[in-house]
Amino acid sequence: MKDILKEITRLRLERNWTEYELAKKSGLAQSTISSWYRKKQTPSIQTLDKICKGFGITLSQFFGEGDDAIFLTPEQRKLLDSWSALNTQQRKIVTDLLDNVL
């Protein structure tokens, strides 16, 4: 079984995010995230879904294992990681740009 807190930390550090940045992108209080680690608690599935949305991934992708989990090229992964770091306005700008290019 996957260590949920370890995976959240891995995804957060992969993006160079602080706990505060993750909380902001997920719509959670930073104290909520910090308390999971202090108390060694696992977030509820509803809260984990918010975390995943903050990361720009699905719950399925979060729980996926190994090469069968996500079939992304390094370029696609970089694009998704960059997308996850954008705010709503920036995402709209990128989407509008892509709509005009494609």
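Straight run, no breaks: the sequence shown in UniProt numbering ends on number 102.
The beta-carbon is built from N, C-alpha and C at its ideal position, and this holds for glycine as well.
It should be emphasised that the depicted structure is a prediction, and the values quoted were computed from it without experimental measurement.
Test item: CB-CB of L80 and G54 under 8 Å: Against a cut-off of 8 Å, the Cβ pair of G54 and L80 comes out as no contact.
The alpha helix (DSSP H) enclosing P74, as first and last residue numbers: Under the DSSP assignment, P74 falls in the alpha helix (DSSP H) whose first and last residues are 74–85.
Buried/exposed call for A23, threshold 16 Cβ in 10 Å: Note on A23: 16 or more other CB atoms within 10 angstroms of its CB, so buried under the neighbour-count rule.
Coil, strand or helix - K39 by DSSP: The answer is helix: DSSP assigns K39 an H, G or I state.
Where the alpha helix (DSSP H) containing A29 begins and where it ends: Segment: none, A29 is in no alpha helix (DSSP H) and carries neither H nor E.
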